[in-house]
Each structure stands twice: as structure tokens, then as C-alpha cells.
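Novice: Per the UniProt record's numbering, residue 1 is the first one in the sequence shown, and the count goes up by one each step. Below is a structure I'd like to ask you about.
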Amino acid sequence: MSLTSEDLVNIRRDLHKIPELALKEKQTHEYLIGKINSFPQDFLEIKEVPELPTAILVRVNGSDPKRNIGYRADMDALPVTESNDLEYRSQHPGIMHACGHDLHMTVALGLLSYFSEHQPKDNLVFFFQPAEESESGGRQAYDLGIFSGNFKIDEFYGLHDNADLATGIIGCRNGTLFAGTSEVNVTIHGMSGHAAYPHKANDAVIIAANFINQVQTIISRSIDPTKCGVITFGKLEAGTIRNVIAGKARIEGTIRGLTQDMIEFIKQRIVDVAKGLELSFNATIDVEFNQGGYYPVENDPDLTKQFIDYMQQADGVKFQETRPAMTGEDFGYLLSKIPGTMFWLGVASPGALHSADFLPHEEAIIDGVNAIKGFLEYRMNE
Ligand SMILES: CC(=O)N[C@@H](CCC[C@H](N)C(=O)O)C(=O)O
């Protein structure tokens, strides 16, 4: 029998207890394989990927296939210490499913369980993807050529949970859904020295402070206010003790734009600011960018129109058109290669995505499974 709503909640809680960082999703992989093996196997074919060992592909053979429809769920968690006092809280210290990938995987298992018992018309390919938060697992998978042969995908769908949407709402838009992002790493080389003799040192903390302030003026002074750009530095490290001037500082951040042009513009301005500060502080500043697969998420016009049309009229589905978001997703890379649609599932969390108190409403899981199942069946009859 297909997984019930209660089964799905239990699965999500099991996965919530074992969060793992990008490319280390070993326990998660084992758990998923165990569940997938417990479904009827008549229509299923599982493919493991030695080069990306935590990834899983599962094909459901269709009865009269016209196409292979892909569905992707990401698997990794974040280095966040959970603050929720839950019976099923994270058992891995300092790591948490703070972006809801536990719920994404559960929805995918719900769909897979259903279609393992109700043979679809088209072939379905489920992709359990490692490393969405960093390391571009989607891009790695595509570039390894894993979507080939029986696992070729003609159109791709995937969801992200949304803390601000009411529970169970499906949100989507045609065009750009998510921003493109690039990681930025900055290393400042000054000169360390005694706290009492600043004139004999070159204080990397002061240079870092200037760098961060000046870079934020790119957003406020260099970008057309009607366009969108974000620069966030989430990590700053410098020094060892209060009375030694730091000779080195390291800043790690992320930049975001709704177009690739905007990302390129912000990158160039960051390099300009670094060059200016090198001159004014007589220091060396190394700047590295890494965009990986985090391209803007561009929904395919035709498929997304069909998706939205379906969700707007389907019984029991609550749909809301959403604005573009500045979150990033390496599903953007996959959609740059294969047409498809990314969409939101509302989970009404009191805490934001990526925060220690992120707490999605689990009723969203069954709502998501039912809405997507309905859409896939409708799409297969097109
Ligand atoms: C949905 C979500 O939160 N995704 C992440 C993707 C991170 C991309 C990359 N590692 C970066 O930090 O730029 C996000 O932070 O938006």
C-alpha cells in the first residue's frame, strides 16, 4: 500500500534526525535505499553512481511512454545547530536540515511509493541529489553524464519548501524563480604585530572592515534600485588573541542576482573595491569566485504554463503566483540543460530557511504529494 500521511511524517522525522553535509549524505543514502527497496519493484530500476556515491536514480517504467519525466529531491543539510526542542531533533551535532531537504526527500518518496504501485504512462526518473547547498551536486551529476540511456530526462521538476507560504500552497511563476548565486572567498594579507605598535603592522581586521563596508555600497550605490542584487558575508575570520594585530583575514560570502549579467557586474565591482583597498592599505587581497551550478533558475515557458494552469484548477490544490526569490539553487544548472519547472511548497515555518528554529508544518508533505501526483498524471495524458 502507498505510504500514508502518517508514514510520510515518520519518514521525514527519521531523515530529520540524520542530517549530513554536502557529499557526505551516506546515512541518508542508506535510509533512502532501504525505503525504495521496500516498495514493489515490478516497475522500478535503481541506478547508483560510483563517482557521486550518495546520489540515487530510480526509474519507474511507464506503460505507454512518450517521454521520461524527471523529479529531483535534494539530500544535504547545513552546518546549523538546531534550536528546536523536538523529540526527533537532529542527532548530528552542529548539523541540521534547516532548508527542509528532509521534507523534499519525503515528498519524492511519497510520489515514488505511489507510482511503484500505480504504473505511470510515461517513464519517471527520480533523482535524489546530493550537495545542493554547496558543491553543485546537480551540476556534478549532469556533467558525469548520469542522465543518459534509461535515465535520460526530457523534462525536469523539483520543489523547494517555502517558510513564508501557508502550509500546502504550491507557489510558482513563469520566468526566473530563483536568483543565480556565486560564492566569494576573500583573503586579506596584512602584517601581524604587537597591539601596542600598530604603525609597525598592517592590520587585516581594519582592512576587512573597510572591505565589507565598501562592498555593501555596490548594492546601495552602484546598482539600479529597481534591479536586484544581494551580497552577504556569512563568515569572517581573523586573528588569534586580543593583543596581537591580525596579519590575515578571511571572508566568505555569497552574491546573488536575478540575471547572469547582474552577477558578473557585482563580481567586477568587488574586484575593483579589492584593488582600491590594496593600494590604500598597501596589502594584498585575493578574491576568488565560485558559481558552480548555481545559475538563475529559469522555468521553461510552456511546461510552466501547463504546470500553473493545472495547479490553478485542480481540486484540493491551493496555488499562489510568487515573485522571484534571491535564494539560489543548482537546479538552475539542470534547467539550463533540460527544460522544466521549479516550484515552492508552503510550509509556514515560524523560523526562516537556514535558521536554527526552522520548523516546517508536516501537513505540507501530503498536500505536496497529492498536488504533484495529480500534475504528473495530467502531464502524462497530454
Ligand atoms: C535554497 C537555498 O537556500 N539554496 C542555497 C544555495 C547556496 C548556493 C551557494 N553555495 C552560495 O552560497 O552562493 C542558498 O543559499 O540560497
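Every residue gets a Cβ at the ideal spot worked out from N, C-alpha and C, and that includes glycine. No experiment lies behind these values; they were computed from the predicted model shown.
1. Under three-state DSSP, which class holds Ile285?
2. Please report how far the alpha carbon of Leu277 lies from the alpha carbon of Ala283, in whole angstroms.
3. In angstroms, rounded to a whole number, what distance separates the CA positions of Glu135 and Ala314?
4. List the residues that DSSP assigns as beta-bridge partners of Phe126.
5. Taking Pro65 as the reference, which of Asp154, Pro225, Pro296, Val230 has the closest Cα?
6. Whose C-beta lies closer than 6 Å to the C-beta of Ala131 among residues of the same chain, with five residues either side of it excluded?
7. What is the DSSP secondary structure of Val205, counted as helix, strand or coil?
8. Counting pairs of Cβ atoms below 8 Å between the segment 168-186 and the segment 287-299, do you hit three or more?
9. Using 9 Å as the limit for Cβ to Cβ distance, is Gln312 near chain B?
10. Return the CA-CA distance between Asp14 and Ala352, expressed in angstroms with no decimal places.
11. Closer than 8 Å to a non-hydrogen atom of ligand 1 - does that hold for the CB of Glu183?
12. Which residue marks the beginning of the beta strand (DSSP E) containing Asn299, and which one marks its end?
13. Provide the residue(s) that pair with Tyr157 in DSSP beta bridges, ordered along the chain.
14. According to DSSP, is Met191 part of a helix, a strand, or is it coil?
15. Between the Cα of Ala163 and those of His101, Asn123, Ser148, spot the shortest distance and give me the residue it belongs to.
16. Give me the Cα-Cα distance between Ile33 and Leu334, rounded to the nearest whole angstrom.
17. Out of curiosity, what's the CA-to-CA distance linking Asn174 and Gly190?
18. Here's a check: name, in chain order, each residue in its chain whose Cβ is nearer than 8 Å to the Cβ of residue 383, leaving out the five neighbours to either side.
19. Suppose the cutoff is 6 Å on Cβ atoms and the five residues either side in sequence are ignored; what does the same chain contact list for Gly62 look like?
20. I want to know whether the segment 199-210 touches the segment 239-252 - three or more CB-CB distances under 8 Å.
21. Buried or exposed: where does Asp85 fall if 16 or more other Cβ atoms within 10 Å of its Cβ makes it buried?
22. Please confirm if the segment 319-329 is in contact with the segment 260-278, defined as three or more CB-CB distances below 8 Å between the two stretches.
23. Who pairs with Met96 in a beta bridge, going by DSSP?
24. On a CA-only basis, which of Ile365, Cys99, Arg379, Ala348 is nearest Glu133? Give me that one, please.
25. Counting pairs of Cβ atoms below 8 Å between the segment 336-347 and the segment 357-366, do you hit three or more?
26. From Lys47, Pro40, Thr54, pick the residue whose C-alpha is nearest to that of Thr28; which is it?
Specialist: Short version:
1. In the structure shown, Ile285 sits in a strand (DSSP, three-state: E or B).
2. 8 Å
3. 37 Å
4. Val58, Tyr71
5. Asp154
6. Ala22, Leu23, Asp76, Gly137
7. helix
8. yes
9. Of the protein chains in this structure there is only one, and it is not chain B.
10. Distance between the alpha carbons of Asp14 and Ala352 is about 22 Å.
11. Because some heavy atom of ligand 1 lies under 8 Å away, the Cβ of Glu183 counts as near it: yes.
12. 297-299 is the extent of the beta strand (DSSP E) around Asn299.
13. Tyr157 pairs with Tyr71, Thr341.
14. Looking at Met191 - three-state DSSP - the assignment turns out to be strand.
15. His101
16. 23 Å
17. 48 Å
18. Since the first residue shown for the chain is 1 and the last is 382, residue 383 is missing from the structure and cannot be characterised.
19. Pro120, Lys121, Asp122, Asn123
20. yes
21. By the Cβ neighbour-count rule, Asp85 is exposed, with fewer than 16 other Cβ atoms within 10 Å of its own.
22. Between the segment 319-329 and the segment 260-278, the count of Cβ pairs shorter than 8 Å is below three; the stretches do not touch.
23. Leu78
24. Cys99
25. yes
26. Among Lys47, Pro40, Thr54, the Cα nearest to that of Thr28 is on Thr54.
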